[in-house]
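Visitor: Attaching a single structure in structure tokens format; questions to follow.
Number of protein chains: 2
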Amino acid sequence: MLRMSKLADYGTVVMAAMARAPDHIHSAANVAEQTGLALPTASKVLKALARGSLLVSVRGAKGGYLLARTPREISIAQVIGAMEGPIGVTECSSVPGLCLQEAGCAVRTNWQRINHMVIRALEQITLEQMTQPIRKTVEISMIKAPAIRKRLQQPGVNRPPAGAQP
Amino acid sequence: MLRMSKLADYGTVVMAAMARAPDHIHSAANVAEQTGLALPTASKVLKALARGSLLVSVRGAKGGYLLARTPREISIAQVIGAMEGPIGVTECSSVPGLCLQEAGCAVRTNWQRINHMVIRALEQITLEQMTQPIRKTVEISMIKAPAIRKRLQQPGVNRPPAGAQP
DNA sequence: ACCAAATAGAACCGTTTTGGGCCTAATTAA
DNA sequence: TTAATTAGGCCCAAAACGGTTCTATTTGGT
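Right, here's the structure in full:
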């Protein structure tokens, strides 16, 4: 449910990689090597991120990209927004003409609310949190998720997922 | 960001329409007329919802579909799951091989956590809430969203329950 | 001044997904 | 038996997506 484009996913990976050296200038080749992405793809992602003003580009030889703000000041929502544009969860929410019935309209307004909810959640996750493997990542307490909270308390959740699958 | 398929959207509209007469048997033609969807499309959506055991189908003449449970017992997460299958937010999260770097893995685990977050949120929204236009919709308090909470306090919308846990 | 290293931007193409419709069974009330 | 109705596939056009390539522009270094 609720798919995210692969490019946006790459975006988070690239940003996370750059956030590990926040004051360094990273060239596209540099990033490609660090992330394992192909050079053209990494380049495309970096361009999009720069267009979204999450990165500042430095042209010419010895050029590259650097973070526009500190990792703490960049949210995942911003990264996704830069890669995918401000599209909402629902298509119908923005394009009227289908749900002309009262029921439909009710559904639409409710979807908009849900949309805000999700966006809000993603806005609270910073790049900084994405770089730190596990501990304390998300303010999980904001959601009623006893199961997740339980998992967080288990020791050793931090090990590299050797073939982990949700 | 985070697109949902149009079919899944239709799913919520159809379910909401049916929830307005929870004990009635709705034929595909019936639903199509109520929602404004074309008959084949409505039929397809209904089939998917039935396969997901959110609806019970009654075959033969005078047949149709009815809700498998009360609107209060059906969540939006279930509707989306029935329409789209249990796909996660990220593609890369499930398919390893790309993020072989440490950074990538960290990103992946964090994404899984975000995924759970979103799903949890959608699980708390019931069909019943979707049919009622605005009031009391979502348990907004589960998220730290001052802006949204503020909006809720505006006249016309009811405020979050005082006893709600943080 | 020139060259090499970089990014900017657009265009391109093959693949996949999606939406929507259709057709043929199977089922059942009247 | 007949008409209404769902089950389940199949199919096709259109759109989206991922990834590559090409050209122009900028700029540090020699």
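Quick mapping for you: the protein sequence lines, in order, are chains E and C. First residue of the first sequence? That's 1 in the numbering used here, and the numbers climb one at a time after it. First residue of the second sequence? That's 167 in the numbering used here, and the numbers climb one at a time after it. Just so you know, even glycine gets a beta-carbon here, dropped at the ideal spot from N, CA and C.
Could you work out which residues of chain E lie near Arg169 of chain C, taking near to mean beta carbons separated by less than 9 Å?
Guide: Leu2, Arg3, Met4, Ser5, Glu84, Ile87, Gly88, Val89, Thr90, Glu91
Visitor: Between the beta-carbon of Met181 of chain C and the beta-carbon of Leu232 of chain C, is there less than 8 Å?
Guide: no
Visitor: In chain order, which continuous runs of the beta strand (DSSP E) of length 3 or greater are located wholly inside the segment 207-246 of chain C?
Guide: 221-224, 230-233
Visitor: Are the beta-carbon atoms of Thr275 of chain C and Arg186 of chain C separated by less than 8 Å?
Guide: no
Visitor: Does the ligand NAD have even one heavy atom less than 7 Å from the beta-carbon of Thr297 of chain C?
Guide: Questions concerning the ligand NAD fall outside what the structure shown contains, since it holds no ligand whatsoever.
Visitor: Three or more beta-carbon pairs under 8 Å between the segment 285-295 of chain C and the segment 232-241 of chain C, yes or no?
Guide: yes
Visitor: With a threshold of 8 Å between beta-carbons, can Val179 of chain C be considered close to chain E, or not?
Guide: yes
Visitor: Does Leu112 of chain E have its Cβ less than 8 Å from a Cβ in chain C?
Guide: Before going further, note that residue 112 of chain E is Gln rather than Leu in the sequence given. Chain C contact via Cβ: absent.
Visitor: Mind reading off the beta-carbon distance from Asn281 of chain C to Gly251 of chain C? Whole number of angstroms is fine, and I expect it under 8 Å.
Guide: Incorrect: roughly 14 Å between the Cβ atoms, too far for contact.
Visitor: Between Ala234 of chain C and Gly177 of chain C, which are expected to be in contact by the criterion C-beta below 8 Å, what is the C-beta distance as a whole number of angstroms?
Guide: Taking C-beta atoms under 8 Å as the contact rule, Ala234 of chain C and Gly177 of chain C fail to qualify, at a distance of about 14 Å.
Visitor: Can you tell me where the alpha helix (DSSP H) holding Met184 of chain C begins and where it ends?
Guide: Taken as a continuous stretch (DSSP letters only), the alpha helix (DSSP H) holding Met184 of chain C covers 172-185.
Visitor: Measuring only between beta-carbons, confirm whether Gln129 of chain E sits less than 8 Å from chain C.
Guide: yes
Visitor: Could you tell me whether any Cβ in chain C is nearer than 8 Å to the Cβ of Val118 of chain E?
Guide: Chain C has a Cβ within less than 8 Å of the Cβ of Val118 of chain E.
Visitor: What does a CB cutoff of less than 7 Å around Pro22 of chain E pick up in its chain, not counting 5 residues either side in sequence?
Guide: Leu67, Thr70, Pro71
Visitor: Which residues in chain C have a C-beta closer than 8 Å to the C-beta of Ala121 of chain E? List them in chain order.
Guide: Ile280, Met283, Val284, Ala287, Ile309
Visitor: State the Cα-Cα distance for the pair Ser27 of chain E and Gly64 of chain E, rounded to the nearest angstrom.
Guide: 4 Å
Visitor: How many angstroms separate the CA atom of Ala6 of chain E from the CA atom of Lys228 of chain C?
Guide: Sequence inspection shows Lys at residue 6 of chain E; the Ala mentioned does not correspond to that position. If I take the Cα positions, the gap works out to 46 Å.
Visitor: Beta-carbon within less than 7 Å of Ala17 of chain E's beta-carbon, same chain only, minus the 5 sequence neighbours each way: which residues are those?
Guide: Val31, Gln34, Thr35
Visitor: Cα separation between Val245 of chain C and Leu220 of chain C?
Guide: 7 Å
Visitor: Taking the beta carbon of Arg225 of chain C as the centre, do at least 16 other beta carbons fall within 10 Å, making it buried, or is it exposed?
Guide: Arg225 of chain C comes out exposed.
Visitor: For His26 of chain E, which beta-bridge partners are listed by DSSP?
Guide: E:Tyr65
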